[in-house]
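In what follows, a structure is listed as structure tokens, so that the remarks can point back to it.
Number of protein chains: 2
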Amino acid sequence: MEPIKVLVVDDEPNIRDLLASGLRFAGFSVLAVANGNDAVAAAEKGKPDLILLDVMLPDMSGFSVTKKLRSMDIMAPVLFLTARDEVEDKITGLTVGGDDYMTKPFSLDEIIARIHAILRRTKQASVEKSIIEVGEVSIDEDAHEVFVNGESVELSPTEYKLLRFLMENANRVLSKAQILDHVWEYDFNGEMGIVESYVSYLRKKLDPLTSEPVLLTKRGHGYMFKSNKKK
Amino acid sequence: MEPIKVLVVDDEPNIRDLLASGLRFAGFSVLAVANGNDAVAAAEKGKPDLILLDVMLPDMSGFSVTKKLRSMDIMAPVLFLTARDEVEDKITGLTVGGDDYMTKPFSLDEIIARIHAILRRTKQASVEKSIIEVGEVSIDEDAHEVFVNGESVELSPTEYKLLRFLMENANRVLSKAQILDHVWEYDFNGEMGIVESYVSYLRKKLDPLTSEPVLLTKRGHGYMFKSNKKK
DNA sequence: AGCAACGTTCAGCGTTCTCTCAGGTTTCCA
DNA sequence: TGGAAACCTGAGAGAACGCTGAACGTTGCT
Chain A
837 MEPIKVLVVD DEPNIRDLLA SGLRFAGFSV LAVANGNDAV AAAEKGKPDL
887 ILLDVMLPDM SGFSVTKKLR SMDIMAPVLF LTARDEVEDK ITGLTVGGDD
937 YMTKPFSLDE IIARIHAILR RTKQASVEKS IIEVGEVSID EDAHEVFVNG
987 ESVELSPTEY KLLRFLMENA NRVLSKAQIL DHVWEYDFNG EMGIVESYVS
1037 YLRKKLDPLT SEPVLLTKRG HGYMFKSNKK K
Chain B
837 MEPIKVLVVD DEPNIRDLLA SGLRFAGFSV LAVANGNDAV AAAEKGKPDL
887 ILLDVMLPDM SGFSVTKKLR SMDIMAPVLF LTARDEVEDK ITGLTVGGDD
937 YMTKPFSLDE IIARIHAILR RTKQASVEKS IIEVGEVSID EDAHEVFVNG
987 ESVELSPTEY KLLRFLMENA NRVLSKAQIL DHVWEYDFNG EMGIVESYVS
1037 YLRKKLDPLT SEPVLLTKRG HGYMFKSNKK K
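These protein sequences, in sequence, are chains A and B. The first sequence maps to residues 837 to 1067 in the working numbering. The second sequence maps to residues 837 to 1067 in the working numbering.
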């Protein structure tokens, strides 16, 4: 199976590197450029499956880039990146077709989830499943719904992201630092105590429905989602 | 099989030597430098599989080093080293992809375990398994879980590290000094009696589940984890 | 504007862990 | 065989760790 090709376009080197290495690690083949002209050139040459595009670029706006691309018959879906306080109305309405957008700062895991969601919508034949199921708990990535033994559980956005990350890494201990890195936005500079808080929230919602606790504390190491898998 | 190449970057000679000799002994091919510029040069030339990088360097910060490396398309994962009281927020958010970080003071065995964990995550094709199994005892490095004949055993962090070190060197006598050096943090200045205490703790937890004692005392020499495996 | 949901911090509390010490036991050897 | 050295282990002080309820500010919705 070929790796999925993603073109990253952002002029801030920090963000660009963050995205590039994060996505590479997630198994994508990544090409990263810093401006609109390079983006168009790279898209033409590299035939990416998806483009991660900052709206504010030094030479031209992200929208001009897409316009140019579409006119060149490059139809790869675009995931726009925009600062939170930039007017969102402009974005809405322009994300047609398979496109989507996210506001900065984002969390890496969220970006990856979005990319998968877009590709899922775009290529129906995608192998990716939108359901994550571990033990008694399952997540519907499309509907953002969580079920425990068939029963629906309401989670806040952060609770949801945390649970997803823990389940993606089931049966592996994750340190609070790792969790912070993947679940929270990249500019979060608070304390790790917040992870404890959210684990506590999740337990309060999940434990009453599971036959045994699924979120284990590994004192001194971190937390782990445990599936009581039979062999 | 080629040895794994590790680049060590730390300006404190003591730590650098400690790491270099410890890692060499563990079977790595080690190159050690003292500052950021040398690190970049060495990384370009030596193509290391992993970089052990102190965050506080005399000429440039460890982050600048990684930035430079990434821009040069050197994608080796980085294990950052940072003083415990340095603000950890700075690290958070920057350890993406395969990267990770540890706080000083560390224990040598913990560093080695981390390196293996990172390489395991990075190269999926790695032969490394996350399970250490000697005789009736097995350790799951991902889940930080210990089993004796299939039965789970709860260990404290230090107990776990001690057992891992003993099992990694099964059927080899380890002196208390060696154990202290590898399992405890390098600035530990207590007595060796603590090793006796922890061996005692381990025995109390393991012996009831094994057919015969696995932790042997070699009077005057040290301790040994014994496997009664036939060949 | 008012309200509800959410994210974040913090302090208090109980639990667990680390480390030391001292008294007891085993081993070795003169 | 007696004694010293090495080792074992229970007890306990203090610190570290983790959990949770409460408070507060922010955001978004009605």
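Note that beta-carbon positions come from the ideal geometry of N, C-alpha and C, so glycine has one too.
So, for residue i: in the same chain, excluding its five sequence neighbours on each side, which residues have a beta-carbon less than 6 Å away from its beta-carbon?
i, result
"residue 894/B", "847, 871"
"residue 1043/A", "1049"
Give the DSSP-derived three-state secondary structure of residue i in the structure shown.
i, result
"residue 1061/A", "strand"
"residue 1036/A", "helix"
"residue 877/A", "helix"
"residue 910/B", "coil"
"residue 967/A", "strand"
"residue 893/A", "coil"
"residue 902/B", "helix"
"residue 802/A", "Only positions 837 to 1067 of chain A appear in the structure, and residue 802/A is not among them; the question remains open."
"residue 1024/B", "coil"
"residue 1001/B", "helix"
"residue 949/A", "helix"
Just to confirm my understanding: we take residue i, look at its own chain, exclude 5 residues before and 5 after, and list those with CB closer than 7 Å. What are they?
i, result
"residue 925/B", "Per-residue confidence for residue 925/B stands at a pLDDT of 48, beneath the threshold of 50, marking its modelled position as unreliable; the derived number appears in the next sentence. Cβ neighbours of residue 925/B beyond the five flanking positions: none."
Report all residues from its chain with a CB closer than 8 Å to the CB of residue i; omit the five preceding and five following residues, and keep chain order.
i, result
"residue 946/A", "938, 997"
"residue 839/B", "863, 864, 865"
"residue 1014/B", "1058"
"residue 969/A", "975"
"residue 1041/A", "989, 990, 991, 995"
"residue 854/B", "944, 1022"
"residue 1048/B", "1064"
Which chain B residues are close to residue i, counting only those with a beta carbon under 7 Å from its beta carbon?
i, result
"residue 952/A", "Result: empty, since nearest Cβ-Cβ is about 17 Å, beyond 7 Å."
"residue 853/A", "903, 906"
Given that residue i touches chain A, what residues does it touch there, using C-beta distances under 7 Å?
i, result
"residue 979/B", "1007, 1008, 1009, 1060"
"residue 933/B", "857, 858, 860, 861"
At the level of alpha carbons, what is the spacing between residue i and residue j?
i, j, result
"residue 913/B", "residue 1055/A", "26 Å"
"residue 900/A", "residue 906/A", "10 Å"
"residue 852/A", "residue 933/B", "13 Å"
"residue 887/A", "residue 845/A", "8 Å"
"residue 891/A", "residue 897/A", "6 Å"
"residue 917/A", "residue 935/A", "11 Å"
"residue 1002/A", "residue 1010/A", "8 Å"
"residue 1033/B", "residue 1007/A", "30 Å"
"residue 1052/A", "residue 1031/A", "13 Å"
"residue 889/A", "residue 958/A", "17 Å"
"residue 999/A", "residue 1028/B", "43 Å"
"residue 885/A", "residue 841/A", "5 Å"
Beta carbon of residue i: closer than 7 Å to some heavy atom of the ligand SAM?
i, result
"residue 855/A", "The ligand SAM is not part of the structure shown, which contains no ligands of any sort."
Just to make sure I have the definition right: I need the residues of chain A whose C-beta is within less than 9 Å of the C-beta of residue i. Which are they?
i, result
"residue 993/B", "1054, 1055, 1056, 1057"
So which residues of chain B does residue i contact, with C-beta pairs closer than 8 Å?
i, result
"residue 849/A", "903, 907"
Can you list the residues of chain A that residue i reaches, using a CB-CB cut of under 8 Å?
i, result
"residue 1075/B", "With chain B represented from 837 up to 1067, any question about residue 1075/B goes unanswered, as that position is not in the structure."
Worksheet item: Which residues, in order along the stretch 875 to 902 of chain A, keep a beta-carbon less than 8 Å from a beta-carbon of chain B?
Response: none
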